[in-house]
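**Student:** What follows is a structure written as structure tokens; I'll ask about it next.
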Amino acid sequence: MIKRIGVLVAAGALLAGAAQAEVKWVTSPRAERVNEAAARRSAEPATQSVTRREMWKGAKPIIFDQETKQLRRPTYAEVAQMVRHLRQMTTKPVPVIAGRIQANGVHQGSIDGEHATVVVARATADGQYETLCVQTFDEAVDFLGLVRVGNGGDR
Amino acid sequence: MNKLSRFLLLSLVLILASVPAFAAANIYIINNDGPGEGFNDPTPVAPVGGNTGTTKGEQRQIAFAHAAEIWAQNIDSNVDIYVVAAFNPLAPNVLGSAGAWDVFSDFAGTPPYPGSAFPQTWYSSALADKLAGYDHDTTSPDLNAQFSSNFNFYLGLDGNHGPLNDLVAVLLHELGHGLGFQNFVSEATGANLGNFFDGPRFYPLQTDVYSQFTYDTTNNMVWSNMTQAQRQQSAVRYGRVVWNGANVTAAAPGVLSFGSPEVRVQSPSSIAGAYQFGTASFGAAIGNPNVTATIVPAADAANAAGPSTTDGCSAFTNAAAVAGRIALIERGTCGFTQKVRMAQDAGAIAAIIYNNAANANAAPPGMATDPVFGPTITIVAASISRADALNIIAAGNVTASIGVDNSILAGADTAGRVRLYMPFPVVSGSSGSHYDTVANRNLLMEPSINGDLTHSLNPPEDLTMPLMRDVGWFADADVDGVENSADNCPNAANGNQANYDGDAQGDVCDADDDNDGVADGSDANPNSNMQPTVTVGACNSGVANVVFPNGLTMMDRIAAITASNRGQFESALSVITNEAKALGLITGAQKGAIHSCN
Chain A
4 MIKRIGVLVA AGALLAGAAQ AEVKWVTSPR AERVNEAAAR RSAEPATQSV TRREMWKGAK
64 PIIFDQETKQ LRRPTYAEVA QMVRHLRQMT TKPVPVIAGR IQANGVHQGS IDGEHATVVV
124 ARATADGQYE TLCVQTFDEA VDFLGLVRVG NGGDR
Chain B
531 MNKLSRFLLL SLVLILASVP AFAAANIYII NNDGPGEGFN DPTPVAPVGG NTGTTKGEQR
591 QIAFAHAAEI WAQNIDSNVD IYVVAAFNPL APNVLGSAGA WDVFSDFAGT PPYPGSAFPQ
651 TWYSSALADK LAGYDHDTTS PDLNAQFSSN FNFYLGLDGN HGPLNDLVAV LLHELGHGLG
711 FQNFVSEATG ANLGNFFDGP RFYPLQTDVY SQFTYDTTNN MVWSNMTQAQ RQQSAVRYGR
771 VVWNGANVTA AAPGVLSFGS PEVRVQSPSS IAGAYQFGTA SFGAAIGNPN VTATIVPAAD
831 AANAAGPSTT DGCSAFTNAA AVAGRIALIE RGTCGFTQKV RMAQDAGAIA AIIYNNAANA
891 NAAPPGMATD PVFGPTITIV AASISRADAL NIIAAGNVTA SIGVDNSILA GADTAGRVRL
951 YMPFPVVSGS SGSHYDTVAN RNLLMEPSIN GDLTHSLNPP EDLTMPLMRD VGWFADADVD
1011 GVENSADNCP NAANGNQANY DGDAQGDVCD ADDDNDGVAD GSDANPNSNM QPTVTVGACN
1071 SGVANVVFPN GLTMMDRIAA ITASNRGQFE SALSVITNEA KALGLITGAQ KGAIHSCN
């Protein structure tokens, strides 16, 4: 069996060698840029203090409970986790970004992936999920029915 | 199957997934997960929907590679695209995200690559690299993507996801954003992306290539040419912001179906267009029948039923003006059905409810029925935003239609340009980096990733690739920097477009470069001197420059003569002309004409 698969792999490799388009898994130091940015973000005191100060609750039943087979509202802990992750994932570099002019005059805006779109989902009564691709934190919490409580600041 | 067998089988699947179609981009995925998590999760699972992985991690790898492969088969670039990817334990209901890592502007291309088409305009990294023909930053990825390891995605490759959410479709959508299907505008404020300093020098906000094609039919401007305030206003003009790229508009009729349910202002032209609307679960369905009439604001007494004269909670005092027309009624105090019933009693043929001040920033609501008035209503009703209603009231004599317009593509404007999703308010929906949700059929790049999507990016199933073409992902199967339609060898790289004989085929794909009738492989000179007649020195003999069987022309051979005096030259020329005469290529008289030149 191993031998047969090995032959197929070899044939596949030959085929791939002739290919113009290629998808493959690689290791690359380019990933370090992502990891450095993630570490930098999580260490930012401003972000930490904002998330600590905020208090949110789930106003809509968006989670399908597998035990009860019923929709339920997210718990405070779940909401806090959603808010924390959504804050991080919807960070926007506007209005000032890190940038530089390369030697050849090209403008490089180093946004470190901070204009990503985020897919959020909410459960329906039949246990399925409807999705929405958003760009901002406000869009995400509006779709998920998360509302701010207390006087944690403006929204 | 033991561990080694599984590894080999997985390798086979991933390698075979790299076989190309007629496009060429290399997408390299960097697994950013640690041991035992995400892509490396060892939890055993059964193969599903063509995904042969036997662990959760393998199946995620195969699904991710499958989505990347679909993109790789559709886009062309000579620069490798690097995607850093991970599956992380995200919060409930957060499925994942992706985006371009960096943006670039004002880049020239390495010839023949065209470089950036617009000055002072951001391009996402992978697209900028493609247009420049080189990697702008060899230390950074082009895209970053992370998805939820908690969420129960369907990991099959066949699209038969049943009640689960199809990971491949989600990946295709998100990778599309990262590759260029997005603006870099803050829709809430209208601000473009980033001021930045390079040392002491300040660079102001710049537009992006997506905004160069985002067109507002109200003021006939693209977002790139608008002020920040204009963009902010445009971002909520539902139905009136379209994509004006030629590829999308040309492809739309082959993808979208005719018949768009709309609330549309017909006149005056200053506010004409499709309006965002909510539907009612009572009365006639929209389009049954279509209604076109003047809009008349309803007036009623301020009384116990409703404290204002615009809430329509009691009998209209301007029933004569409303009769046969569309009544416009303010939301509040009494139920939707009561307002529409009052309009019906006044003789209106339709009713539009608009948000009151308390809901000024809310989207037009869906309107529920009730058992009192609901069953009695026969006219059609719709809701609109307060801002739209105030514009209608201010405009005065407004004609509108409520119905299904079978002359308009569902998801396009009256000119056939595909609509972008610009809901009011911005917060209620996603951004202009999506097609409008009214599109029919459903499109991959709508904000909702619908369950009936195929995995195609192209017409007749989808309009993703036409938009990518518009922003700069031009078709270039041989990745030589020359667009297929202009490439004299679209499937063989020849950036210089060398074409010796000037025919339709460049040399690298022309079996006979000099068009002398002798195939290059057996041609003693594939680039022969093909001038039409034989010349000796400055003398034109008028005799055709014939081709010998080995592919040399008469002029090739004359040019190769090495002679130190006229006699030697004449002798060598005779060898050539005699051979040509013997082969029947020239006559005796023609031979004489050539020699008379010497």
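Chains as they are written, first to last, in the working numbering: chain A, 4 to 158; chain B, 531 to 1128. C-beta: ideal position from N, C-alpha, C; glycine also.
For B:L620, which of helix, strand or coil comes out of DSSP?
**Tutor:** coil
**Student:** In the structure shown, what three-state DSSP assignment does A:M92 receive?
**Tutor:** Residue state, collapsed to three classes: helix.
**Student:** B:W601 by DSSP, collapsed to three states: which one?
**Tutor:** helix
**Student:** Look up B:L723 in the DSSP assignment and give the residues it is bridged to.
**Tutor:** Partner(s): B:Q736.
**Student:** Could you tell me the alpha carbon to alpha carbon distance between B:P642 and B:G1025, rounded to whole angstroms?
**Tutor:** 6 Å
**Student:** What residues in the stretch 962-989 of chain B bring their beta carbon closer than 7 Å to a beta carbon of chain A?
**Tutor:** S963, H964, P977, S978, I979
**Student:** So B:L673 packs on B:G708, CB below 8 Å; how close in whole Å?
**Tutor:** 4 Å
**Student:** Hey, B:L694 and B:N970 are a contact pair by Cβ (cut 8 Å); roughly how many whole angstroms apart?
**Tutor:** Contact between B:L694 and B:N970 does not hold, since their C-beta atoms are separated by about 24 Å, which reaches or exceeds 8 Å.
**Student:** Does any C-beta atom of chain B lie closer than 8 Å to the C-beta of A:P77?
**Tutor:** yes
**Student:** What residue does the beta strand (DSSP E) around A:A101 start on, and which one ends it?
**Tutor:** Residues 101-104.
**Student:** Nearest by alpha-carbon distance to B:Y684: which of B:A1123, B:T839, B:V575, B:N1095 is it?
**Tutor:** The option with the nearest alpha carbon to B:Y684 is B:V575.
**Student:** Taking 7 Å as the limit between beta carbons, can you name the residues of its chain near B:D1044, skipping five residues before and five after?
**Tutor:** Y1030, D1031, P1056, N1057, S1058, M1060
**Student:** So does the stretch 784-800 of chain B actually touch the stretch 751-761 of chain B, counting three or more Cβ pairs closer than 8 Å?
**Tutor:** no
**Student:** May I ask you to report which of helix, strand or coil DSSP gives B:R1135?
**Tutor:** No statement about residue 1135 of chain B is possible, as the shown extent of chain B runs from 531 to 1128 and does not include it.
**Student:** Are the CB atoms of A:V121 and B:V715 within a distance shorter than 8 Å?
**Tutor:** Cβ distance not < 8 Å, so B:V715 and A:V121 don't count as in contact.
**Student:** What's the C-alpha gap between B:G769 and B:T744?
**Tutor:** B:T744 has its alpha-carbon roughly 12 Å from the corresponding atom of B:G769.
**Student:** Using a Cβ-Cβ cut-off of less than 9 Å, list which residues of the stretch 100-121 of chain A approach chain B; keep chain order.
**Tutor:** I100, A101, G102, R103, I104, Q105, N107, G108, V109, H110, Q111, G112, S113, I114, D115, G116, E117, H118, A119, T120, V121
**Student:** With DSSP run on the structure shown, which of helix, strand or coil describes A:N38?
**Tutor:** Reduced to three states, the DSSP call for A:N38 is helix.
**Student:** Straight-line CA distance for B:K586 to B:I592?
**Tutor:** A straight-line Cα-Cα distance of about 10 Å links B:K586 and B:I592.
**Student:** According to DSSP, B:D728 sits in a beta bridge with which residue or residues?
**Tutor:** Among the bridge pairs identified by DSSP, B:D728 is matched with B:R731.
**Student:** Can you list the residues of chain B that A:R44 reaches, using a CB-CB cut of under 9 Å?
**Tutor:** Chain B residues near A:R44: none, gap ~12 Å exceeds 9 Å.
**Student:** Using beta carbons (cut-off 8 Å, strictly below), is B:S670 in contact with chain A?
**Tutor:** yes
**Student:** Any C-beta of chain A within less than 8 Å: which residues of the stretch 583-599 of chain B qualify?
**Tutor:** Q591, A595, A598, E599
**Student:** With DSSP as the reference, identify every bridge partner of B:H691, one or two as the case may be.
**Tutor:** Beta-bridge pairing links B:H691 to no other residue.
**Student:** Could you check whether the Cβ of B:D728 sits closer than 8 Å to any Cβ belonging to chain A?
**Tutor:** Residue contact with chain A for B:D728: present (Cβ-Cβ distance below 8 Å to some residue of chain A).
**Student:** Residues of the stretch 610-622 of chain B with a CB closer than 8 Å to any CB of chain A: list them in chain order, please.
**Tutor:** Y612, V614, L620, A621, P622
**Student:** Taking just the CA atoms, how far does B:V614 sit from A:M92?
**Tutor:** 15 Å
**Student:** Would you call the stretch 771-781 of chain B in contact with the stretch 822-833 of chain B, where contact means no fewer than 3 C-beta pairs closer than 8 Å?
**Tutor:** By the criterion of at least three beta-carbon pairs nearer than 8 Å, the stretch 771-781 of chain B is not in contact with the stretch 822-833 of chain B.
**Student:** Helix, strand or coil for A:R125 per DSSP?
**Tutor:** Collapsing the DSSP output to three states places A:R125 in a strand.
**Student:** Following the continuous alpha helix (DSSP H) through A:H110, name the residue where it begins and the one where it ends.
**Tutor:** Under the DSSP assignment, A:H110 falls outside any alpha helix (DSSP H), being part of the beta strand (DSSP E) whose first and last residues are 110-113.
**Student:** Shorter than 8 Å from the beta carbon of B:Q603 to some beta carbon of chain A?
**Tutor:** yes
**Student:** Which two residues bound the contiguous beta strand (DSSP E) that contains B:I559?
**Tutor:** Taken as a continuous stretch (DSSP letters only), the beta strand (DSSP E) holding B:I559 covers 556-561.
**Student:** With DSSP as the reference, please indicate the residues paired to B:P827 in a beta bridge.
**Tutor:** B:L858
**Student:** Helix, strand or coil: which one does DSSP assign to B:A942?
**Tutor:** DSSP places B:A942 in strand when its eight states are reduced to three.
**Student:** Could you name the residues of chain A that B:A888 contacts, counting a contact when the two beta carbons are closer than 7 Å?
**Tutor:** Scanning chain A for C-beta atoms nearer than 7 Å to the C-beta of B:A888 yields nothing, as the closest lies near 17 Å away.
**Student:** Determine, using beta carbons only, whether A:A62 comes closer than 8 Å to chain B.
**Tutor:** Closer than 8 Å: no.
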